[in-house]
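Let me begin by presenting the structure, written as structure tokens, before commenting on it.
Protein chains: 2
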Amino acid sequence: MRELYRADLERLGRDLTEIARLVHRAVMDAQAALEAADVHGAERVISEDARIDQLQESLDEQAVRILALQAPVATDLRTVVATLRMSSSLERMGDLARHVAQLTRLRYPEHVIPEPVRTVFTAMCDAAVEVAEEVVLLLETQDLAHGDRIDALNEDVNALHVSVFRAIAAPDWSATPATTTDVTLASRYLERFTDHGLSVAAKVRYLVTGEWATHRPDATGS
Amino acid sequence: MRELYRADLERLGRDLTEIARLVHRAVMDAQAALEAADVHGAERVISEDARIDQLQESLDEQAVRILALQAPVATDLRTVVATLRMSSSLERMGDLARHVAQLTRLRYPEHVIPEPVRTVFTAMCDAAVEVAEEVVLLLETQDLAHGDRIDALNEDVNALHVSVFRAIAAPDWSATPATTTDVTLASRYLERFTDHGLSVAAKVRYLVTGEWATHRPDATGS
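Chains as they are written, first to last, in UniProt numbering: chain A, 1 to 222; chain B, 1 to 222.
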């Protein structure tokens, strides 16, 4: 029984990492589709998101089954509860990558992002992809250095997000109102994406150290 | 022991409803502040959000304690896990009401929402406030008619959200780019707010009927 229980917990951790890998793939593909105005790539991201949703549902069922059958306590209980929450953050990250892809599909064959802010968006997407990669590594290794890297990347993205709004408010902004809306949403999606990465990192840190950071994700946006 | 356990579960339910009441108050006040460009009202919403966050944290601690000490099974276990999730949806709803208030504060003494879309925003805010009210009633009574009403309101809000984007893309849209961004974000916040209400309703429905609806919240946005 004890060994079965350990195996169940390990499987839970492996499935969580698998979801994180799919999220990493999703945001990478969403960036490529956004930058190339590639409607097929965008559609792939959109349809692949269903897999993330399914995996998350099955992981949640597993977690509830472990709670019901094994009644874990102490660290194990915290791990199961944190896993439930991390899976929900990862599922949202998948949704947000899908939303970026949906913008790409909506505006095809046009580009979503106009010339003046393309460099900013490349930086934001690069950071979001790296956050997703660091989340995978953090879940695989529990090495908190990856959490620190996620914190730093999240700060970069927040600064880039603000700079997008600054560009929109500048006198030389000449994009159409519809493009302004797209840019606003795309920036918001990426900012939310990395913020969810931050909350996964906070949970792993809590599980490893037993201390809850005072940081609350999303002090600036929702 | 058994009676203590019942009392713990009941307290959990009461605290969840209390958070829902604070969320209802927050979105009502956020609407009033938005419509009157009232910076003091906006600041109150922003500072009050900390109470929602605290209550959610304490509720989550309680839920984990119940899992650890009582090892609930079957319906009780589903209730505790669903409560953890609903509290996180409610906490997000509080954040989103706060974000609307933050826009009001940012643009003060100007109005956030320009004349041509004020009627649409009044309708969206009215619906969001009603969703919050229906969430309170649903949690208090478990009467699924409130869940049905939330579904209907959510559809209304989705349609209004689309109509905001249509207004922005119309040839007579004359607001500044910064205002276009504000309008986009405010609309998005309200759409997300009601979508979280929908996911609370889905969880209560599941607890009451034992059946999980095929509906996934947020098929359109994130």
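Backbone N, C-alpha and C fix where the C-beta goes; we use that ideal spot for every residue, glycine too. The structure displayed is predicted, hence computed values, not measured ones.
| query | Can we say the stretch 200 to 210 of chain B touches the stretch 110 to 127 of chain B, given the rule of at least three CB pairs closer than 8 angstroms? | reply | Segments in contact, no.
| field | Closest Cα partner of Leu34 (chain B) within the set B:His161, B:Leu103, B:Ile150 and B:Leu185 | value | Position 34 of the second sequence, counting from 1, holds the residue named residue 34 (chain B). Cα-wise, what sits closest to Leu34 (chain B) is B:Leu103.
| field | Backbone CA spacing between Ala152 (chain B) and Thr179 (chain A) [nearest angstrom] | value | For this step, residue 152 (chain B) is matched to residue 152 along the second sequence. For this step, residue 179 (chain A) is matched to residue 179 along the first sequence. If you take the alpha carbons of Ala152 (chain B) and Thr179 (chain A), they lie about 30 angstroms apart.
| message | Does any residue of chain A have a CB that is nearer than 8 angstroms to the CB of Leu12 (chain B)? | response | Working through the second sequence from its first residue, we reach residue 12 (chain B) at position 12. Leu12 (chain B) does not count as touching chain A.
| message | Under 8 angstroms: do the stretch 163 to 175 of chain B and the stretch 155 to 174 of chain A share three or more Cβ pairs, one atom per stretch? | response | Result no; under three Cβ-Cβ pairs closer than 8 angstroms.
| request: Measure from the alpha carbon of Leu190 (chain A) to the alpha carbon of each residue in A:Lys203, A:Val131 and A:Leu138, then state which is nearest. | output: As a first step, residue 190 (chain A) must be located in the first sequence, where it is residue number 190. In terms of Cα proximity to Leu190 (chain A), the closest of A:Lys203, A:Val131 and A:Leu138 is A:Val131.
| said: Please give me, in chain order, every unbroken run of the alpha helix (DSSP H) with length at least 4 that falls completely inside the UniProt domain "PhoU" (16 to 103) of chain A. | reply: The qualifying runs are 39 to 70.
| field | Proximal residues of chain B, C-beta to C-beta of Leu198 (chain A) below 7 angstroms | value | Here the question's residue 198 (chain A) lines up with position 198 in the first sequence. Residues of chain B with a Cβ closer than 7 angstroms to the Cβ of Leu198 (chain A) do not exist; the shortest Cβ-Cβ separation is about 14 angstroms.
| request: Return helix, strand or coil for Asp172 (chain B), following the three-state DSSP convention. | output: Position 172 of the second sequence holds residue 172 (chain B). If DSSP states are grouped into helix, strand and coil, Asp172 (chain B) belongs with coil.
| Is the shortest distance between the beta-carbon of Val73 (chain A) and the beta-carbons of chain B less than 8 angstroms? | Start at 1 with the first residue of the first sequence, and residue 73 (chain A) comes out as number 73. It does: the Cβ of Val73 (chain A) has a partner Cβ on chain B nearer than 8 angstroms.
| said: In the DSSP assignment, the alpha helix (DSSP H) including Val196 (chain B) goes from what residue to what residue? | reply: The residue labelled residue 196 (chain B) in the question sits at position 196 within the second sequence. One point to set straight first is that residue 196 (chain B) is His, not Val, in the sequence displayed. His196 (chain B) -> alpha helix (DSSP H) spans Pro177 to Thr209.
| field | Rounded separation between Val164 (chain A) and Gln31 (chain A) - CA only | value | Your numbering for residue 164 (chain A) matches position 164 in the first sequence. Your numbering for residue 31 (chain A) matches position 31 in the first sequence. Their backbone Cα atoms lie some 17 angstroms apart in a straight line.
| Does the separation of the CB atoms of Leu12 (chain A) and Leu59 (chain A) fall below 8 angstroms? | Residue numbering aside, residue 12 (chain A) sits at position 12 when the first sequence is read from its first letter. Residue numbering aside, residue 59 (chain A) sits at position 59 when the first sequence is read from its first letter. Result yes, Cβ atoms of Leu12 (chain A) and Leu59 (chain A) sit closer than 8 angstroms.
| field | Whether Leu77 (chain B) touches Val64 (chain A) by CB criterion (8 angstroms) | value | Residue 77 (chain B) sits at position 77 when you count from the first residue of the second sequence. Residue 64 (chain A) sits at position 64 when you count from the first residue of the first sequence. It is a contact, given that the beta carbons lie within the stated cut-off.
| Is the closest heavy atom of the ligand MN to the C-beta of Glu115 (chain A) under 7 angstroms? | The model on display carries no ligand, and the ligand MN is accordingly not part of it.
| task | Please decide whether Thr180 (chain A) counts as near chain B, where near means a Cβ-Cβ distance under 8 angstroms. | result | Walking along the first sequence from the start, residue 180 (chain A) turns up at place 180. Answer yes: the Cβ-Cβ gap between Thr180 (chain A) and chain B drops below 8 angstroms somewhere.
| field | Within-8 angstroms CB hit, Pro177 (chain A) to chain B | value | Here the question's residue 177 (chain A) lines up with position 177 in the first sequence. Taking CB atoms only, Pro177 (chain A) has a neighbour in chain B less than 8 angstroms away.
| task | Can you give me the start and stop residues for the alpha helix (DSSP H) that Leu144 (chain B) sits inside? | result | What you label residue 144 (chain B) is simply residue 144 of the second sequence in a count that begins at 1. For Leu144 (chain B), no alpha helix (DSSP H) run applies, since DSSP gives it neither H nor E.
| message | I need the DSSP call for Ile113 (chain B), collapsed to helix, strand or coil. | response | Against the second sequence, residue 113 (chain B) aligns to sequence position 113. Note: Ile113 (chain B) maps to coil in three-state DSSP.
| message | Quick check on Leu67 (chain B) - is its C-beta less than 8 angstroms from some C-beta in chain A? | response | Mapped onto the second sequence, residue 67 (chain B) falls at position 67. At a cut-off of 8 angstroms between C-beta atoms, Leu67 (chain B) counts as an interface residue with respect to chain A.
| request: Under 6 angstroms Cβ to Cβ from Gly94 (chain B), same chain only, skipping five residues before and after it: list those, please. | output: The sequence position of residue 94 (chain B) within the second sequence is 94, counting from 1. Same-chain partners within the cutoff: Val23, Ala26, Asp49 and Ile52.
| message | So if I threshold CB-CB distances at 9 angstroms, which residues from the stretch 98 to 128 of chain B count as touching chain A? | response | Per Cβ criterion, the list reads Arg98, His99 and Gln102.
| said: For a contact defined as C-beta to C-beta under 9 angstroms, what are the partners of Leu185 (chain B) on chain A? | reply: What you label residue 185 (chain B) is simply residue 185 of the second sequence in a count that begins at 1. Contact note: Leu185 (chain B) reaches chain A through Thr184, Leu185, Arg188 and Gly221, using a C-beta cutoff of 9 angstroms and chain order.
| request: Check whether the Cβ atoms of Arg21 (chain B) and Val136 (chain B) sit closer than 8 angstroms, and answer yes or no. | output: For this step, residue 21 (chain B) is matched to residue 21 along the second sequence. For this step, residue 136 (chain B) is matched to residue 136 along the second sequence. For Arg21 (chain B) and Val136 (chain B), yes; Cβs fall inside 8 angstroms.
| query | Under 8 angstroms between C-beta atoms, does Ile52 (chain B) make it to chain A? | reply | Looking up residue 52 (chain B) in the second sequence gives position 52. Using a Cβ-Cβ cut-off of 8 angstroms, Ile52 (chain B) does not count as an interface residue toward chain A, since no Cβ of chain A sits closer than that to its own.
| query | Do Ala71 (chain B) and Ala82 (chain A) have their C-beta atoms closer together than 8 angstroms? | reply | Against the second sequence, residue 71 (chain B) aligns to sequence position 71. Against the first sequence, residue 82 (chain A) aligns to sequence position 82. Going by C-beta atoms, Ala71 (chain B) is not nearer than 8 angstroms to Ala82 (chain A).
| His40 (chain A): buried (16+ other C-beta within 10 angstroms of its C-beta) or exposed? | Reading the first sequence from its first residue, position 40 is the one you call residue 40 (chain A). Exposed: under 16 other Cβ atoms inside 10 Å.
| query | When the Cα of Leu185 (chain B) is compared with those of B:Ala7, B:Ile46 and B:Ile113, which residue comes out closest? | reply | For the purposes of this step, residue 185 (chain B) is identified with residue 185 of the second sequence, where counting begins at 1. For the residues B:Ala7, B:Ile46 and B:Ile113, the minimum Cα distance to Leu185 (chain B) belongs to B:Ile113.
| field | Proximity to Lys203 (chain B) [Cα-Cα], best of B:Leu90, B:Ala36 and B:Glu10 | value | Counted from its first residue, the second sequence places residue 203 (chain B) at position 203. That would be B:Leu90, whose Cα lies nearest to the Cα of Lys203 (chain B).
| message | Using CA atoms only, rank isn't needed, just tell me which of A:Ala36, A:Arg14 and A:Arg2 is closest to Thr141 (chain A). | response | The residue labelled residue 141 (chain A) in the question sits at position 141 within the first sequence. Answer by Cα proximity: A:Arg14.
| Leu160 (chain B) beta carbon less than 8 angstroms from that of Met124 (chain B) | For this step, residue 124 (chain B) is matched to residue 124 along the second sequence. For this step, residue 160 (chain B) is matched to residue 160 along the second sequence. For Met124 (chain B) and Leu160 (chain B), yes; Cβs fall inside 8 angstroms.
| message | Between Ile46 (chain A) and Arg98 (chain A), how many whole angstroms is the CB-CB distance? I'm expecting something under 8 angstroms. | response | Taking the first sequence and counting its residues from 1, the one referred to as residue 46 (chain A) is at position 46. Taking the first sequence and counting its residues from 1, the one referred to as residue 98 (chain A) is at position 98. About 5 angstroms; that satisfies the 8 angstroms criterion.
| query | At least one CB of chain A closer than 8 angstroms to the CB of Val81 (chain B): is that the case? | reply | Residue mapping note: residue 81 (chain B) aligns to position 81 of the second sequence, counting from 1. Yes - at least one Cβ of chain A is within 8 angstroms of the one on Val81 (chain B).
| task | Check whether the Cβ of Val204 (chain A) lies closer than 8 angstroms to any Cβ atom in chain B. | result | Walking along the first sequence from the start, residue 204 (chain A) turns up at place 204. For Val204 (chain A), the answer is no, since every Cβ of chain B falls outside 8 angstroms of its Cβ.
| field | Alpha carbon of Val157 (chain B) to alpha carbon of Thr75 (chain A), nearest angstrom | value | One-based indexing of the second sequence puts residue 157 (chain B) at position 157. One-based indexing of the first sequence puts residue 75 (chain A) at position 75. Computed Cα separation, rounded: 42 angstroms.
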